[in-house]
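Report on the structure given below.
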Amino acid sequence: MDTLSLGIIGCLGIGFGRYAFKNYRFPHISECGCIGKCYRMFGIHDHECFDITVEVIEVSQVRCKKKYIVEIESGRFHYKTSHNQEADGKVGFYEKINIHIRQCDTHITLKLYSKELLKDTLVGSLVIGVDELMRDQLPRRRMYTMEINDSSTSKIMLSFYKVGDVPDNISPLMMQALLECPNMDPRDVEYMSTIDQLRFFAKVITGPLKRMNLFGPTWTEYYFVPIELSQTKWEWRYWETRSNYLAKKKHIGAYSFLGVSTIVPDDSNKSHFYVKYHDKSGVYDLVFKRVDRNRDIWTQGLIEFITRQRELISKESLNAISDIGLNNEFIKNSIKIGRSNGNDNQVLGDIIADMSKEMIIS
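Numbering (full-length UniProt numbering), first residue to last: 1 to 362.
Rendered as structure tokens:
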């Protein structure tokens, strides 16, 4: 091989190496355990590696009616939200992403992209130092300003959570409750009585939701709170606003948790979910729309909360479920997404499909 060929190969190798290093695709040498300890011992790095949960809540002051996505860069690791549509100058994400921060990382970068035909376009970025993510009190629902070319563009609302040694098989309800109470040890929750667990988990299914009105595809927002009437009886009451609830005004309506037979996430719109509700007057088809958190937090939280309540009733040898004609297929019906568990779920799937066609995003 002649000298020119060797030179070309060498230049290509150097160029590839620089590109790979610049884009953090290869592990840093400090990611080796023993070498990482040496880096820490000699003060080259001032923190150990750790994991943190980033909640991307919403982006405001966007100018174009497009779909947007947020990408988080942490060293050589990249994480993405799903694409979400702009509405009234805002884009709601309500997604939690677990990211890994290496001991050699000094910051994380969040980038906002608008979806285009051929390639997503960068419309704003934000750099957050690792020091801010290591504080005892992490930012919650804090608004940050994103920039591009040294000019302010959009604003992004973020929350950060540190969760201790949480088991891999932790339930969605437990995970969300621990994010709300980061100082709580999951082992302490497991030692609680069933009724104390219900009281602890009630905060997960507390908050604002929009409910589709009976006549026409319009929405009304309410504030929902689980209320304990007795150890085995809970109601999901709702008020016009959170301030009305805090002022102890009378609630304007309520649903018995035992009257819920099916919870179906709408697979055509990730903001909506369907609830089949029974009472003495009949059966009702209710459609809800999330406001301030991921839709799946509501559906998974409601399913697990109701399941735990029924387990408590079973332990107390009560037969309240059969009094309103419900069966024991609640979890199966709820998880099947209303499509594959017999005629009843096929009907639910059709209802969701029909309603979604006429829904107006408000």
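Glycine residues also receive a C-beta, built at the ideal position from the N, C-alpha and C atoms. Keep in mind the model is a prediction, meaning the values are calculated, not measured.
Asked: List the endpoints of the continuous beta strand (DSSP E) containing Tyr245.; Found: Looking at the DSSP string, Tyr245 is not in any beta strand (DSSP E); the run it does join, the alpha helix (DSSP H), is 242-246.
Asked: For Asp296, which three-state DSSP category applies?; Found: helix
Asked: Among Lys249, Trp298, Val260, Lys289, whose alpha-carbon lies nearest the alpha-carbon of Gly282?; Found: Val260
Asked: By the DSSP assignment, the beta strand (DSSP E) with Glu48 in it spans what residues?; Found: Segment: none, Glu48 is in no beta strand (DSSP E) and carries neither H nor E.
Asked: Could you give the distance in angstroms between the alpha-carbon of Trp236 and the alpha-carbon of Asp88?; Found: 30 Å
Asked: How long is the line joining the alpha carbons of Gly325 and Ile252, rounded to whole angstroms?; Found: Low confidence applies here, because Gly325 scores a pLDDT of 45, under 50, leaving its location unreliable and the question unanswered by this model.
Asked: Which complete beta strand (DSSP E) runs does the segment 76-136 hold, if anything under 3 residues is left out?; Found: 77-80, 90-101, 107-114, 121-129
Asked: By the DSSP assignment, the beta strand (DSSP E) with Asp285 in it spans what residues?; Found: 282-290
Asked: Have a look at Trp234, His272, Asn244, Pro265 and flag the residue whose alpha-carbon is nearest the alpha-carbon of Ala254.; Found: Trp234
Asked: Say whether chain C places a C-beta atom closer than 8 Å to the C-beta of Val291.; Found: As a matter of chain content, chain C is missing from the structure shown, which is built from one protein chain.
Asked: Below 8 Å, how does it come out for the segment 80-99 and the segment 284-295: are there three or more Cβ pairs, yes or no?; Found: yes
Asked: Among the candidates Leu302, Glu316, Gly301, whose CA atom is the shortest distance from the CA of Ser230?; Found: Glu316
Asked: So, under 8 Å CB-CB, His83 and Ile69 are touching, yes? Tell me the CB distance rounded to an integer number of Å.; Found: 5 Å
Asked: Going by beta carbon distance, what residues of the same chain come within less than 7 Å of Gln176, once the five residues before and after it are set aside?; Found: Val204, Ile297, Gly301
Asked: Going by C-alpha distance, which of Glu304, Leu112, His78, Ser314 is nearest Ile97?; Found: His78
Asked: What residues match up with His272 in a beta bridge as DSSP calls it?; Found: Lys289
Asked: Are at least three pairs of beta-carbons, each pair with one atom in the segment 191-202 and one in the segment 304-312, less than 8 Å apart?; Found: yes
Asked: On the three-state DSSP scale, how would you describe Ser356?; Found: For Ser356, the pLDDT reaches just 40, beneath the cut-off of 50, and the residue's location in the model is therefore unreliable, leaving the point undetermined.
Asked: Using 7 Å as the cut-off, classify the Cβ of Thr232 as near or not near the heavy atoms of the ligand MG, replying yes or no.; Found: Here there are no bound small molecules, and the ligand MG is not part of this structure.
Asked: In the DSSP assignment, the beta strand (DSSP E) including Phe224 goes from what residue to what residue?; Found: 219-230
Asked: Could you tell me the boundaries of the alpha helix (DSSP H) in which Phe201 lies?; Found: 194-201
Asked: According to DSSP, which residues form a beta bridge with His278?; Found: Val283
Asked: With distances taken between CB atoms, is the gap from Lys162 to Ile57 smaller than 8 Å?; Found: no
Asked: Could you give the DSSP three-state label for Glu316: helix, strand or coil?; Found: coil
Asked: Quick one: grab the DSSP three-state call for Tyr39.; Found: helix
Asked: Out of Met134, Thr121, Lys115, which has the shortest C-alpha to C-alpha gap to Ile108?; Found: Met134
Asked: On the three-state DSSP scale, how would you describe Arg141?; Found: coil
Asked: Starting from the C-beta of Asn328, find all residues in its chain whose C-beta is less than 7 Å away, skip the five residues before and the five after it, and write them out in chain order.; Found: In this prediction, Asn328 scores a pLDDT of 44, lower than 50, which makes its location untrustworthy; no coordinate-derived value is stated.
Asked: Let me make sure I understand the geometry here. Which of Lys210, Leu158, Pro139 has the alpha-carbon closest to that of Met146?; Found: Leu158
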